[in-house]
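*Asks:*
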Amino acid sequence: MEQIISQDFFLSEATVVAKNLLGKILVRTIKGQKIKARIVETEAYMGGFDRASHSYGFKKTPKTLPLYQEGGRIYIYLIYGMYYCFNIVVNTKDNPQAVLIRAVEIIEGHEVAINYLAGNNHKKRSHHWTNGPGKLALALNLDQSLNNLHLLSNDCLTLVSDDFFVGPDEIVAAKRVNIDYAQEDKEHFWRFYLKNNLFVSKVIK
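Adding 21 to a residue's 1-based position in the sequence shown gives its number in my numbering.
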C-alpha cells in the first residue's frame, strides 16, 4: 500500500535523506497518465561546505534559490545545454543541501515513458532508459517547469513509499560521479545505490 511521505522526511541532512530515498517511488502524472519509478541511486550534495554543490560558499543566485527553501522542493537544472538533472532539496530552510536522483526503475507506466525517450532508446532494454540522471529526466519528462515545486503539494510529481524494504546491507556507498572539480570533496562516499540493481548507472567493480 502506497503512502505519502511526510514533510519531516526531507529535513535531515543530505547524506541521510539520500540513503532513505532508496526504494521510494516517484509518481509522475502527465496529462492524466502516470509513471511510477522506484529510486535506486542517489547522490548527496552537502551545501555550503561541499565544493561539488551549486551552493558552495553559501552562494545565492536566482538559479540556486530553491536550495535555500525548506526540504521537499524540486531543484532541476540543465547540463551540457541539453540534459536536465532532477534533485530534491533537503534539510531545513537556509541550509542549502540537495539529493540528486541518479537512477530509477520504472515499475508502472512504461508505455507512457516510451513516448519521451531520446533516439532509439526505446529499442533498448528498459534498464537503459533510466540509468542516469539525464536519461531518467527524459523518460519521466522532467524539465524546468517543475523547478521549485514541492513534492507534497503538486499534482505533477510526488513521492510515496510502499512496503519495499531496503536494509543497510543492501545499500552501497561510492564516490560521486563527474565532480573532479570538487578537489578533496570528490573523495567522499556520498553516492548511494541498491546492491545488484540493473538500473544503477555505475557500480563499483
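We treat Cβ as the ideally placed atom computed from N, Cα and C, and that holds for glycine.
Source: prediction; values computed, not measured.
Quick one: what's got a C-beta closer than 6 Å to Glu-126's C-beta in the same chain, skipping five residues either side?
*Replies:* Arg-59, Val-61 and Phe-220
*Asks:* Taking just the CA atoms, how far does Ser-33 sit from Lys-52?
*Replies:* 33 Å
*Asks:* Measure the alpha-carbon distance for Pro-154 versus Cys-106 and round it to whole angstroms.
*Replies:* Approximately 6 Å between the Cα atoms of the pair.
*Asks:* Please determine if the stretch 180 to 188 and the stretch 156 to 170 are in contact, where contact requires at least 3 C-beta pairs separated by less than 8 Å.
*Replies:* no
*Asks:* Figure out for me which residue from Ile-122, Glu-129 and Glu-205 has the closest Cα to the Cα of Lys-57.
*Replies:* Glu-129
*Asks:* On a CA-only basis, which of Asn-162, Val-193 and Phe-30 is nearest Lys-226? Give me that one, please.
*Replies:* Val-193
*Asks:* Using a threshold of 7 Å, state whether the C-beta atoms of Val-110 and Tyr-96 are closer than that.
*Replies:* Cβ distance < 7 Å, so Val-110 and Tyr-96 count as in contact.
*Asks:* When you compare each of Val-48, Ser-27, Ala-35 and Leu-42 to Ala-160 by their alpha carbons, which one comes out closest?
*Replies:* Val-48
*Asks:* What do you get for Tyr-202, buried or exposed, if any count of 16 or more other CB atoms within 10 angstroms of its CB means buried?
*Replies:* Tyr-202 is exposed by the Cβ-count criterion.
*Asks:* Got a sec, what are the start and stop residues for the beta strand (DSSP E) Thr-108 sits in?
*Replies:* The question names Thr, yet the displayed sequence has Asn at residue 108. It spans 104 to 111 - the beta strand (DSSP E) in which Asn-108 sits, taken as one unbroken run.
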